[in-house]
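So the structure is just underneath, and the comments pick up after that.
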Amino acid sequence: MDAFPASVLVFLGAYLLNVLYITVFYHRGLAHEAVILSPRMQRFVAKTGIWVTGIDAKAWVCMHRLHHRHSDTQKDPHSPVFAGVLGLFRKQLLAYRKVLVALIRRHDHYDKVVADLDLEVSAVNARKRWYLPYLSHLVMGVGLAWITGSAWIGAAFVLGISSHPLEGWAVNALAHSYGYRNYATDDNSQNNTWVAWLVAGEGYQNNHHRYPDEARFSHRWFEWDWGYQLCLVLSFCGVLRIARSTRT
Ligand SMILES: [Zn+2]
Ligand SMILES: [Zn+2]
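Positions 101 to 348 (this note's numbering) are the ones given, in order, by the sequence shown.
The structure is reproduced here in structure tokens:
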């Protein structure tokens, strides 16, 4: 196969794997229990998720629940209202680090937010080796490039698997700034079609903030949440159970 189509396929595969962990397992599963993961599956997700996404499951869930609790107020860990759309990229990284460190130090305020989860902060983070998952992505990318003889294929893998900060920025910044609203929520959440299409339905922030415990983020006929379709496939395969799809 030519290097270009192979690079595109590798990028899409790595991107899909990354998105699957974040939107289905971390977000709809652990954070909101809109899809139910067995305790064994929860532990598997937390253990492997750090290596797939580079993001700690417990810290992500904690930060995300705080975002819902304080959406677009001063206490929101990542709101473009205060950080600005571009400034949010840095703000969300700092917020994630703050939550991670607080959980490692067993800070009561943060511990309580995720008290229901029978999960620990991942061992690499607890030992301050947060860079190892990213380093492993890089090593795998170099390995792929060496095996296939194409630097493009290696780069495509690294870009796809490390895409979470960019996906997070698109959702947190753009889908809280630009779009349309189906519901008059107290926050600035928007339904941003482009972000929804690119990031597995996550761009429908207004729908999601109105009904956070629903597995399906699309509420109107023209909205497409392919993250929910991933949930349906995984439900069919017995990996998870959909608790609530949508009330609309
Ligand atoms: Zn939001
Ligand atoms: Zn949420």
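Ideal Cβ placement from N, Cα and C applies to all residues, glycine included.
* residue 253 - DSSP class collapsed to helix/strand/coil -> helix
* Are residue 287 and residue 171 closer than 8 angstroms when you measure CB to CB? -> yes
* Could you tell me the distance, in whole angstroms, from the CA atom of residue 307 to the CA atom of residue 322? => 13 angstroms
* Less than 7 angstroms between the CB of residue 312 and some heavy atom of ligand 2, yes or no? -> When distances are taken from the beta-carbon of residue 312 to the heavy atoms of ligand 2, the shortest one is below 7 angstroms.
* To do: Check the C-beta distance from residue 125 over to residue 145 and give it rounded, since I have them as a contact under 8 angstroms.
  => 4 angstroms
* **Cβ-Cβ distance between residue 258 and residue 243 below 8 angstroms** => Cβ distance not < 8 angstroms, so residue 258 and residue 243 don't count as in contact.
* Touch test, the region 232-241 against the region 149-158, Cβ-Cβ under 8 angstroms, three pairs minimum -> yes
* Starting from residue 51 and walking both ways along the alpha helix (DSSP H), at which residues does that stretch end? -> An answer regarding residue 51 cannot be provided, because it is not within the stretch 101 to 348 covered by the chain.
* Tell me whether residue 308 counts as near ligand 2, meaning its Cβ is closer than 7 angstroms to at least one heavy atom of that ligand. => yes
* **residue 276 Cβ short of 7 angstroms to ligand 1 heavy atom set** => Yes, the beta carbon of residue 276 sits closer than 7 angstroms to at least one heavy atom of ligand 1.
* Asked: Three-state secondary structure (DSSP) at residue 272?
  -> helix
* To do: With hydrogens ignored, establish whether the beta-carbon of residue 237 is closer than 7 angstroms to any heavy atom of ligand 1.
  => no
* Asked: Nearest CA to the CA of residue 113: which residue from 262, 206 and 203?
  -> When only C-alpha atoms are compared, the closest one is 262.
* From which residue to which residue does the alpha helix (DSSP H) around residue 349 run? -> This structure does not reach residue 349, given that the chain is present from 101 up to 348, and the question cannot be answered.
* To do: Within its chain, find whatever has a CB closer than 6 angstroms to the CB of residue 228; leave out the 5 residues flanking it on each side and keep chain order.
  => none
* To do: For residue 170, verify whether its CB is less than 7 angstroms away from any heavy atom of ligand 2.
  => No - ligand 2 has no heavy atom lying nearer than 7 angstroms to the Cβ of residue 170.
* Bridge-paired residues (DSSP) for residue 150 -> Note: residue 150 sits in no beta bridge, so no partner.
* Cross-strand partners of residue 135 (DSSP beta bridge) -> 342
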